[in-house]
Every structure is written in structure tokens, then in C-alpha cells.
Amino acid sequence: MKSVTINNKQRYALILSAISMVIAVLLPPWTYKHDGYEMHAGFSFLMMPPESWCVVNLGLLMIELFVIALVGSILFVCTKGQATAQD
Numbered sequence: 026m027k028s029v030t031i032n033n034k035q036r037y038a039l040i041l042s043a044i045s046m047v048i049a050v051l052l053p054p055w056t057y058k059h060d061g062y063e064m065h066a067g068f069s070f071l072m073m074p075p076e077s078w079c080v081v082n083l084g085l086l087m088i089e090l091f092v093i094a095l096v097g098s099i100l101f102v103c104t105k106g107q108a109t110a111q112d
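For any residue, its number in the working numbering is found by taking its place in the sequence shown, counting from 1, and adding 25.
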């Protein structure tokens, strides 16, 4: 069975993607939902919504996470053959 190894640049790409996803989840996009209207309320810590009637905009959060995963995957693949002297 062939062993799979990753180089340092790939490792950094994975770490950066994971940290970005954690930050995106901890600081999600919020939407005002009050009296029948919706409006973007910005980004705020998950446990402290900007206002009591704000809800997390899950659609936008999923798009953020998808884009982070896509960019991280592209970085991972693009750095595949770029092993450095420290690897």
C-alpha cells in the first residue's frame, strides 16, 4: 500500500482553510427579521447577535464555507508538486 504524504505548503493550505472555517462559523452573517422585513445586519460573534430579533443567515454562511473549502482545495492541489528543501 502506497503511503500518502503532504508537503509543508499543502499543510499550511489545510490549516489556513480550517482556521478560516472556524472564524466563519464563530462570526456568522446575521439578518434582521422584524415586522415582516429582512435586512443584512452584518457579522457578529455567534453567541452575541447584533439585536434580539436577528437570525443567522444560513444560506450566506453555507456559501462562505463552500468558497473557503473550494479555495483551500485549489491551494492544496496547486501546491502538490512544490516540495521545499525542508520537506
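We put the CB at the ideal spot given by N, CA and C, even for glycine. In this text the structure is predicted, and so the values were computed from the model without any measurement.
Legend entry - Near the ligand FMN: serine 42 beta-carbon under 7 Å from a heavy atom: As far as ligands go, the structure on display features none, and thus does not contain the ligand FMN.
Legend entry - Counted within 10 angstroms of its Cβ, other Cβ atoms place tryptophan 78 as buried (16 or more) or exposed: Start at 1 with the first residue of the sequence shown, and residue 78 comes out as number 53. In summary, tryptophan 78 is exposed, with fewer than 16 beta-carbon neighbours lying within 10 Å of its beta-carbon over all protein chains present.
Legend entry - Contact under 8 Å by Cβ, alanine 38 with glycine 97: As a first step, residue 38 must be located in the sequence shown, where it is residue number 13. As a first step, residue 97 must be located in the sequence shown, where it is residue number 72. In this structure, glycine 97 lies closer than 8 Å to alanine 38 by Cβ.
Inset, instruction - Evaluate glutamate 89 with the Cβ neighbour count: other Cβ atoms within 10 Å of its Cβ, from every protein chain shown; 16 or more gives buried, anything less gives exposed. - result: Position 64 of the sequence shown, counted from the start, is the residue given in the question as residue 89. Glutamate 89 is buried by the Cβ-count criterion.
Inset, instruction - Can you grab the Cα-Cα spacing for the pair leucine 100 / alanine 66, in whole Å? - result: Residue 100 sits at position 75 when you count from the first residue of the sequence shown. Residue 66 sits at position 41 when you count from the first residue of the sequence shown. Their Cα atoms are separated by approximately 31 Å.
Legend entry - DSSP three-state assignment for glycine 61, whether helix, strand or coil: Position 36 of the sequence shown, counting from 1, holds the residue named residue 61. Reduced to three states, the DSSP call for glycine 61 is coil.
Inset, instruction - Check the C-beta distance from methionine 64 over to isoleucine 93 and give it rounded, since I have them as a contact under 8 Å. - result: Within the sequence shown, the letter at position 39 stands for residue 64. Within the sequence shown, the letter at position 68 stands for residue 93. The Cβ separation is near 25 Å, so there is no contact.
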